[in-house]
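>
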Amino acid sequence: MKLIVEERVDQAIDSFYDAAILSHWHTLSYETVERKKNRLYDGLESLANYAPIFPLARLKPEWIEKGWQEFICEDFHFAYEITVDVRGETVIVIHDAVHSLLYH
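Using the working numbering, the first residue of the sequence shown is number 3, and each one after it goes up by one.
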């Protein structure tokens with residue numbers, strides 16, 4: 003399945019790690035953050051193999067209202083949907099992301 007990651011997701015990840023570096027500058031290196039982000043995006047790639055098995059979102063009202071499913075990877079919650087594009091191909095669209103520390 004094709005995977006589309008919306009810009010909002012990239013921004014949420016970058017914003018979280020930018021804040022983490024500022025808050026923990028003495029213990030959190032840029033290299034560590036890059037490795038975390040790489041693992042995170044690798045996990046998103048694996049979603050293409052398992053997307054149908056994850057449950058519907060349960061806590062964020064916007065995600066629930068839109069009927070999005072939820073995937074957790076590296077302490078981030080991702081909201082996504084499985085849809086069909088104009089060519090008839092199945093596509094996974096990741097719409098939103100939030101870190102577990104901010105998820106409520």
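Glycine included, every Cβ here is placed at the ideal spot set by N, Cα and C.
1. Can you name the residues that DSSP bridges to Asp98?
2. Can Ile15 and Ala81 be called in contact, C-beta distance under 8 angstroms?
3. Output the distance between the C-alpha atoms of Ile6 and Ser25, rounded to the nearest integer angstrom.
4. Can you find the residues in the same chain that come closer than 8 angstroms, C-beta to C-beta, to Ala22, ignoring five residues on each side of it along the sequence?
5. Report yes or no: do three or more beta-carbon pairs, one from the region 41-51 and one from the region 64-72, lie closer than 8 angstroms?
6. Terminal residues of the continuous beta strand (DSSP E) containing Phe73?
7. Looking at the structure shown, is Thr92 part of a helix, part of a strand, or coil, going by DSSP?
8. Rounded to the nearest angstrom, what separates Gly90 and Met3 at their Cα positions?
9. Please report the straight-line C-alpha distance between Ala50 and Ile94, rounded to a whole angstrom.
10. Just how far apart, CA to CA, sit Thr85 and Trp70?
Short version:
1. Ala81
2. no
3. 31 angstroms
4. Leu30, Val35
5. no
6. 71-75
7. strand
8. 11 angstroms
9. 7 angstroms
10. 11 angstroms
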